[in-house]
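I have placed the structure first, in the form of structure tokens, so that the comments after it can refer back to it.
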Amino acid sequence: MRIGLIIILVAGIGYMFFSSCKSKTNNAANNIVEKLIIDSTTYQIGDTITPFENYNFSQGSWKAEIKISSDDNMDLSKKIPKAPTLTTTNKILLEKIRNWKFIYTNGDMTTVLNNFKLFKGDSVVASYGIVLDENTVGLQSQQYGWIPALDSSFIFETIKMFDK
């Protein structure tokens, strides 16, 4: 009898723990608004996200890097330089990245071949899949899922000034 009670108690605690760790809710059948909670900020579908706004690029050594997959060259926008790797350490461009805005969708992009990373010194502090197609621009991450760009022109203007 005690063993059964212990198993039920452990299973119940495990369920409560894993239920409380879930940050995305997706329960349209019960009319619950789909949302994402990050650092006590709640995002609902359609909200604007600025994922780089809390980075202080004026302090320390920073670098942004975009790795372009050779498989993605055909779909890549002609608005950005053709190179396997694009980088910048330019503080003005980094500040522009800080102002990139995206839309929370509660979705995911199936295949993202290109990668965007931010480095502080030698450490990667942010890593995203990045889509830079002519008609689709956005980021894919574990944290936010698929977030399309609010202003793709602003992102292209920034990236075209990266070094090859």
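Every letter in the sequence shown is one number past the one before it in numbering that gives the first Met the number 0, and letter 90, counting from 1, is 89. All C-beta atoms, glycine included, are put in the ideal place defined by N, C-alpha and C. Being a predicted model, the structure only gives us computed values, none of them experimental.
Report the rounded CA-to-CA distance for residue i versus residue j, giving the unit in angstroms.
i, j, result
"LEU4", "TYR103", "Any reading at LEU4 needs caution, since the residue's pLDDT is 37, under 50, leaving its predicted position unreliable; the model's value is listed next. The alpha-carbon atoms of LEU4 and TYR103 are separated by roughly 43 Å."
"ASP107", "TYR143", "9 Å"
"THR88", "LEU117", "10 Å"
"MET100", "TYR127", "It should be noted that the sequence gives Lys, not Met, for residue 100. Between LYS100 and TYR127, the C-alpha separation is close to 14 Å."
"THR84", "ILE65", "6 Å"
"PHE161", "TYR54", "19 Å"
Which of the three DSSP states is assigned to residue i in this structure?
i, result
"ILE96", "helix"
"GLU156", "helix"
"ILE129", "strand"
"ILE198", "Absent from the structure is residue 198, since the part of the chain shown begins at 0 and ends at 163."
"ILE44", "coil"
"ASP107", "coil"
At what residues does the beta strand (DSSP E) containing residue i begin and finish?
i, result
"GLU64", "61 to 66"
"GLY120", "Where GLY120 is concerned, there is no enclosing beta strand (DSSP E), given that its DSSP letter is neither H nor E."
"GLN141", "It is not in any beta strand (DSSP E) - GLN141 carries neither H nor E in the DSSP assignment."
For residue i versus residue j, is the C-beta spacing smaller than 8 Å?
i, j, result
"PHE51", "ILE96", "yes"
"LEU138", "ASN113", "no"
"ILE79", "LYS159", "yes"
"THR86", "LYS62", "yes"
"PHE155", "SER76", "yes"
For residue i, is the classification buried or exposed, using 16 other Cβ atoms within 10 angstroms of its Cβ as the cut-off for buried?
i, result
"CYS20", "Summary for CYS20: the model assigns pLDDT 36, below 50, so the residue's position carries little reliability, and this model does not support an answer."
"SER57", "exposed"
"VAL136", "buried"
"SER151", "buried"
"ASN105", "buried"
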